[in-house]
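Numbering (my numbering), first residue to last: 4 to 240. For glycine and all other residues, C-beta sits at the position ideal for the given N, C-alpha and C. Here the structure is laid out as structure tokens; the discussion comes afterwards.
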Amino acid sequence: MHPYKITTVQQLLPIDPPRRVEYCNWFQNTFHDDGLLDLTFFSDEAWFHLSGYVNSQNFRIWSAENPHVFVETPLHPLKIGVWLAVSRRRIYGPIFFHDTMTGERYRQQILEPFIQQLDDEELQLGYFQQDGATAYTARATLEYLQQHYDDRVINLGVQHAFPPRSPDLTPLDFSIFGYLKDKVFQRQMNNLAELQHEIERWVQSIDGRMLQNIFESKKKRVNMCLELNGEHFQHLL
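As structure tokens, then:
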């Protein structure tokens, strides 16, 4: 599995590079041992459209080969939401949803079953990273996570802040969603049930070796981000 070309929705703001540097320094100092990455989950959601493209909070994947390909979409596209969490050791999900994610839905439908299936080491030692969407940063959501993870939450508004507008540092954004997009849409599907089945099938194809390669890429990206003082580095990959 290799990183996929993405188009960011927003350019970096002047305040972003220092935040990215702060995060990358913290990441290097904290995750110098792969063992901790085995216990830490990075999560995100994306919408898979029946018409053939994938978009997340921060980016839209068009194609691994040609990110500028034109895709005609209907006014009210059929789509399904997909939530995944990934560590260096394993992947959890997909969890599917059809409506905009609210804080209550996120806690009940995603976080509760996710936390229940964690083993003791993952829950007691690992970190949990999530996107900065409103449902994720609601006070009740952060309090719920901190009940289980203490101060080991990586998110906006907490001690370990993940920098906004940084899909290039998120394993699901820079690799897994792109991989799924290319595999799932190899053939045209007629309905959302077929789309969901294909997503499940290809998530199951992601093995341990793929995950290790993804996290090697994550570490490389952190290094490059620091070398460029928090600016974009995709052109050097």
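Ranked by Cα distance from I18, the options G233, I83 and W29 are led by G233. Straight-line measurement puts the Cα of V156 at about 25 Å from the Cα of H235. Setting aside the 5 residues that flank it on each side, G129 is surrounded in the same chain by L42 and T43, each with a C-beta closer than 6 Å to its C-beta; the list follows chain order. By a beta-carbon distance limit of 8 Å, F117 contacts A88. Their separation comes to about 6 Å.
Nearest to Q112 by C-alpha distance, out of L214, N158, W86 and S54, is W86. Restricting attention to A138, D154, D123 and A49, the CA atom closest to the CA of F131 is found in D154.
Short of 8 Å from the beta carbon of V24, and not among the five residues preceding or following it, lie these beta carbons of its own chain, in chain order: C228, L229, N232 and G233. For a cut-off of 8 Å, the C-beta gap from Q199 to I83 is around 6 Å, short enough to register as a contact. Of Y26, R93, E201 and L81, the smallest CA-CA separation from R212 is found for R93.
When the beta-carbon positions are compared, I217 and S178 come within less than 8 Å of each other. As the crow flies, the alpha-carbon of Q133 is around 31 Å from that of Q191. The C-alpha of L40 lies about 12 Å from the C-alpha of P174. The Cβ atoms of A138 and Y109 sit closer than 8 Å to each other. In this structure L145 touches V161 by the C-beta definition: roughly 6 Å separates them, less than 8 Å.
Q149 and W205 have their C-alpha atoms some 32 Å from each other. The three-state reading of DSSP puts P167 in coil, since its state is none of H, G, I, E or B.
The C-beta of P97 has 16 or more other C-beta atoms within 10 Å across all chains shown, which makes the residue buried. Scanning its chain for C-beta atoms nearer than 6 Å, with the 5 sequence neighbours on each side dropped, one finds around P167 the residues G135, in chain order. Taking a 10 Å sphere around the C-beta of L214, we find 16 or more other C-beta atoms and assign the residue as buried.
For H200, no beta strand (DSSP E) encloses it; the enclosing alpha helix (DSSP H) starts and ends at L195 to V206.
DSSP places G233 outside both helix and strand once states are collapsed to three, so it counts as coil.
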